[in-house]
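Asker: End of the sequence shown = 704 in the working numbering, gap-free, step of one. Yeah, the Cβ is synthetic: ideal placement off N, Cα and C, and Gly gets one too. This is the structure I have questions about; it appears just below.
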Amino acid sequence: MPRYLVIVESPAKAKTIKKFLGSNYEVVASNGHVRDLPKSQMGIDIANDYEPKYITIRGKGELLAKLRKEVKKADKVYLATDPDREGEAISWHLSHALKLDNNIANRIVFNEITKNAVKASIKQARKLDMNLVDAQQARRVLDRMVGYTISPLLWTKIKRGLSAGRVQSVALRIICDREQEINSFIPEEYWNLEAEFALGGKKRPLIAKYIGKDKVKTTIRTEAEATNIVDDLQDAQFIIKEIKRGERIRKAPLPFTTSTLQQEAAKTLNFSTKKTMQLAQQLYEGISIKGHGSVGLITYLRTDSIRISDEADLAAKQYIEEKYGKEFVADKANNGRSGKKIQDAHEAIRPTNMEFEPSEIKESLTRDQFRLYQLIWRRFIASRMQPAKYETTSIKIEGKGHWFSTAASRLLFEGFLSVYQQEDTEDTIKASYETLNEGDILKLKELKKSQHFTQPPAHYTEASLVKTLEELGIGRPSTYSPTISTIIARRYVIKENKNLYVTELGEAVNNIMVEAFPSIVDVNFTANMESLLDSVEDGTIAWKTIIRNFYPDLEEAVNKANEELDKIKIEDEVTDEICDLCGRNMVIKYGPHGKFLACPGFPDCRNTKPYLEKIGVECPVCGGDVVIRKTKKGRRYFGCSNHPECTFMTWQKPSKEKCPKCESVLLEKGNKLACSNETCGYVIANKNSDID
């Protein structure tokens, strides 16, 4: 009997696949990559046409020796790594390390780890796809070049241990740009006006919002304007001028891609992108299910396709018909629209088998595995269901030339909402106002005016950053999670209550990158580079062509930056603060979390304290010094030196000047000074600002 060897990446995947194959198949794991560029150097031979220098990864020698023994015993070897560029590259490296013949069809791929998919892949074994391998090589070499040429510059100019990256630096810039928008934002006052009308014996009144005079949409800017309108309407007769009734549908959601899974898991489950991908990897590779052994529960997790196989589509629709009724089954799937290139070799993320309902296998899963699997299950089922249908009513009301409007909707048919409720699912006003007609006169109960202020753009969350990266074409499904994890791990960005905030260190790194390497952190440049990598995968561009065009400009920019950029690294400035342990004057140090006070007697004396930098402004509450403070996670704010006795704090830098209108503190917002008292609204140009 012939003997076959199947090599996968992980032991969990090996365990799941082993049970589908006969006793003459041996399934072993490589535990990821076996070869890579060396860590001690760039590992790219610039003089030899940018040839990569691959070496065996430290600690993998013994594993490779075992794999070579297994290869000698086998009549045929199958490389069954993941079905993407990374997986193809791992297979290529294994082929080299194990001295396999690349001309033999020994590469197998499957989108789901099920018996049918694995057995079918063996029948369809192919040669290694060198276009996929080269696309991955190009990405790896580009990232290595950026990291190993720019990072030493950051060590010189700021501090050791920092890093730059082709995608991570762009992500950092996007967050920094949003932070600048928020800090420069000046709130603008506006007022809402609502009319409340009694509806006979009904308990619920009709509430309509003010549109404007003569149906022209008007923004009420001040309380005086609102008061004038209210006064003008005191003796008005309110008549219903328009009623429009109709139906509206809400389409079923698309099945998950990597990006949308990360976004939805962050919103509904409060998972980080890293946690989502770790859990999804476990569900894909196989979970031990009671009575079934190791089972791959979902399809491949790195995809930007929404395509679903015909078999899976049919199975889902049969399940929906049995569980909910024929009227809930979609006539045709919502295929969505996208202008960008889709890697359509994979399906969307979906359950592999309708037999494994989340509630049925809950005991076999951890709490978080269950929550993520249930989310994927419900989204997939919902994507094969009918839209939700609403009855809508729109009413326009006029009084003395002033117009108000209201709208209500009532759910007629749940459709997919019976399975999947998204976070942004609308609250429906169940009143349909069936008894109202055009020409009816309404009785006014009350006119309510309320003050509001425009809000700055929201801080990025992991979910919204992933969405932005995807929309801009930066990175690919496999890169979103490691990119965000890296900038958080490097302390360039901190995460508080889901929001991402730039640290002082992140600002310093971003400023250098923007000044010295504008193309590296340019959104369009990075998106175009992704497009070029796709062209390598398509076979239309040779991968080294991209490298040849990229490296000389990078090298020139690094040399120029080394000569021209000033050091940002803070020298050990001596302070008046006395060390409690040895009596020396403490000095200012710069660490991963920003500035701190340290004893210059290190290592004999290891005393440290928080550094409270004064900004030359008196605390408006107690008269103490306003100092720069940090939250536990490193976000900067301004507070009183007498904390905790004094609780004054603000995120924006206070000015020495006071508001001439209300005597409150003026805050620096970009090139303007704005009153900290929002109800005051005073704004003036900041004479000391260096912002144009």
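Helix or strand or just coil, what does DSSP make of Thr-378?
Answerer: Here Thr-378 sits in coil by DSSP.
Asker: Considering only their Cβ atoms, is the gap separating Ala-24 from Ser-306 smaller than 9 Å?
Answerer: Contact flag set, yes.
Asker: For Thr-587 and Phe-614, I'd like the C-alpha separation in whole angstroms.
Answerer: If you take the alpha carbons of Thr-587 and Phe-614, they lie about 16 Å apart.
Asker: Using 9 Å as the threshold, is the C-beta distance between Ile-486 and Ala-183 below it?
Answerer: Cβ atoms of Ile-486 and Ala-183: closer than 9 Å.
Asker: Excluding sequence positions up to five away, which residues of its chain have a Cβ less than 8 Å from the Cβ of Gln-148?
Answerer: Arg-97, Glu-98, Glu-100 and Ala-101.
Asker: Decide if Trp-415 is buried, meaning its Cβ has at least 16 other Cβ atoms within 10 Å, or exposed.
Answerer: It counts as buried.
Asker: Cutting at 6 Å between CB atoms, please list the residues of its own chain near Thr-643, excluding the five before and the five after it.
Answerer: Taken in chain order, the list of residues that qualify is empty.
Asker: Where are the beta strand (DSSP E) runs, 3 residues long or more, that stay fully inside the segment 359–438, in chain order?
Answerer: 400–411 and 414–425, all fully within the segment 359–438.
Asker: Work out the CA separation of Lys-229 and Ile-223 for me, nearest whole Å.
Answerer: Ile-223 and Lys-229: Cα-Cα distance of roughly 5 Å.
Asker: Is Ile-162 near Val-570, with beta carbons less than 9 Å apart?
Answerer: The answer is yes: Cβ separation under 9 Å.
Asker: Going by the beta-carbon positions, is the gap between Thr-311 and Ile-361 smaller than 9 Å?
Answerer: Against a cut-off of 9 Å, the Cβ pair of Ile-361 and Thr-311 comes out as a contact.
Asker: Take Val-145 as the anchor and find which of Thr-239, Thr-93, Ile-524 and Glu-669 has the nearest alpha-carbon.
Answerer: If we check each option's Cα against that of Val-145, Thr-93 comes out closest.
Asker: Whether or not the segment 496–508 and the segment 311–324 are in contact is what I'm after, with contact meaning three or more pairs of Cβ atoms, one per stretch, closer than 8 Å; do they touch?
Answerer: With a cut-off of 8 Å, the segment 496–508 and the segment 311–324 do not count as touching, because too few Cβ pairs lie within range.
Asker: If we ignore side chains and look at the alpha-carbon of each, how far apart do Met-13 and Gln-136 end up?
Answerer: One C-alpha to the other measures close to 21 Å.
Asker: In the segment 495–540, which residue ranges form an unbroken alpha helix (DSSP H) of at least 4 residues, counting only runs that do not cross its ends?
Answerer: Taking only runs of at least 4 residues, the alpha helix (DSSP H) segments lying wholly in the segment 495–540 are 516–528.
Asker: How would you label Trp-284, buried or exposed, when you count the other beta carbons within 10 angstroms and need 16 or more for buried?
Answerer: Rather than Trp, the amino acid found at residue 284 in this sequence is Ser. Buried, because 16 or more other Cβ atoms sit within 10 Å of the Cβ of Ser-284.
Asker: With DSSP run on the structure shown, which of helix, strand or coil describes Cys-188?
Answerer: Helix, per DSSP.
Asker: Can you give me the C-alpha to C-alpha distance between Thr-620 and Ser-300, rounded to a whole angstrom?
Answerer: About 50 Å.
Asker: Using the Cβ count rule (16 or more neighbours within 10 Å means buried), how would you classify Trp-104?
Answerer: Flag for Trp-104 reads buried.
Asker: Return the first residue and the last residue of the beta strand (DSSP E) that Glu-208 is part of.
Answerer: Run containing Glu-208: 201–210, per the beta strand (DSSP E) assignment.
Asker: Here's the rule I'm using: 16 or more other beta-carbon atoms within 10 Å means buried, otherwise exposed. How should Ala-77 be labelled?
Answerer: That one is exposed.
Asker: Flag this pair as yes or no: are the beta carbons of Phe-717 and Leu-456 separated by less than 9 Å?
Answerer: Examination of residue 717 is not possible in this model, given that the chain is present from 13 through 704 alone.
Asker: With a threshold of 8 Å, are at least 3 pairs of Cβ atoms found where one atom belongs to the segment 256–275 and the other to the segment 400–409?
Answerer: At 8 Å Cβ cutoff, the stretches touch.
Asker: So, helix, strand or coil for Asp-316, using DSSP?
Answerer: If DSSP states are grouped into helix, strand and coil, Asp-316 belongs with coil.
Asker: According to the Cβ coordinates, are Glu-680 and Lys-670 closer than 9 Å?
Answerer: Cβ distance not < 9 Å, so Glu-680 and Lys-670 don't count as in contact.
Asker: Would DSSP call Pro-666 helix, strand or coil?
Answerer: Pro-666 falls in the strand class under three-state DSSP.
Asker: Return the CA-CA distance between Trp-663 and Asn-511, expressed in angstroms with no decimal places.
Answerer: Approximately 14 Å between the Cα atoms of the pair.
Asker: Does the Cβ of Arg-349 have 16 or more other Cβ atoms within 10 Å, making it buried, or fewer, making it exposed?
Answerer: In this predicted model, Arg-349 has a pLDDT of only 48, less than 50, meaning its place in the structure is not dependable enough to derive any value.
Asker: List, from N- to C-terminal side, the beta strand (DSSP E) runs of 3 residues or more that fit wholly inside the segment 621–660.
Answerer: With a minimum length of 3 residues, the continuous beta strand (DSSP E) runs that stay inside the segment 621–660 are 625–630, 637–642 and 648–652.
Asker: How should Leu-377 be labelled, buried or exposed, when 16 other C-beta atoms within 10 angstroms of its C-beta is the threshold for buried?
Answerer: Buried.
Asker: Could you work out which residue in Ala-475, Ala-610 and Asp-534 is closest to Asn-509 when comparing CA atoms only?
Answerer: Comparing Cα positions, the closest option is Ala-475.
Asker: Do you know how far the Cα of Glu-542 is from the Cα of Lys-81?
Answerer: One C-alpha to the other measures close to 39 Å.
Asker: Closest to Ala-400 by C-alpha separation, out of Leu-424, Ile-696 and Pro-199, would be which residue?
Answerer: Checking every option, the nearest Cα to that of Ala-400 belongs to Leu-424.
Asker: For Gly-308, is the classification buried or exposed, using 16 other Cβ atoms within 10 angstroms of its Cβ as the cut-off for buried?
Answerer: The residue is buried, with at least 16 neighbouring Cβ atoms inside 10 Å.
Asker: Have a look at the DSSP bridge pairing and note the partners of Asp-48.
Answerer: Partner(s): Ile-67.
Asker: Just tell me which of Glu-369, Ile-261, Gln-463 and Arg-391 has its CA closest to the CA of Tyr-402.
Answerer: Considering only alpha carbons, the answer is Ile-261.
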